[in-house]
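The numbering used here numbers the first residue of the sequence shown as -5 and each following residue consecutively.
These notes are about the structure you will find just below.
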Amino acid sequence: MRKLFGIGILALGIVAFSVPAMAADGAAVYKAKCAPCHGADGQGTAMAPAFKGSAWVASTDDAEIGTVITAGREGAAKKYKQFAMGMPKQKLNDDEVKAVIAHIKAMK
């Protein structure tokens, strides 16, 4: 019984530490790939729209946001026409995309 209890506690510890790790990875990916255009805190810049407080981010499902990240948005597909540059394609793996989406959605 003690052995099972110990294994259960160990499993809970692993799960508890893996969630912050994902958030940290999302923050690191955001800092490297997104912040130069969208701002360090997601506040937006003269080059790209804000994520912080964005109705689009709040109302858009993760799959669509992931598509924008990996496929980009150029030309007629651009949502925010006031920015000269479109959203360039990003070369991220699935875990990086999920992590950065979680990070962006956590910006309030």
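Cβ atoms here follow ideal geometry from the backbone N, Cα and C, with glycine treated the same way.
Computed from a predicted model, the values in this text were never measured in an experiment.
Asked                                                                                                                                                                            : Found
Taking DSSP's pairing of strands, which residues face residue 81 in a bridge?                                                                                                    : 67
In whole angstroms, what separates the C-alpha of residue 22 from that of residue 37?                                                                                            : 17 angstroms
Spatial neighbours of residue 94 within its chain, please: CB distance less than 6 angstroms, with the 5 preceding and 5 following residues excluded, ordered by chain position. : 20, 23, 24
Go ahead and label residue 81 buried or exposed: buried means 16 or more other beta carbons lie within 10 angstroms of its beta carbon, across all protein chains shown.         : buried
With distances taken between CB atoms, is the gap from residue 35 to residue 46 smaller than 8 angstroms?                                                                        : yes
According to DSSP, is residue 38 helix, strand or coil?                                                                                                                          : coil
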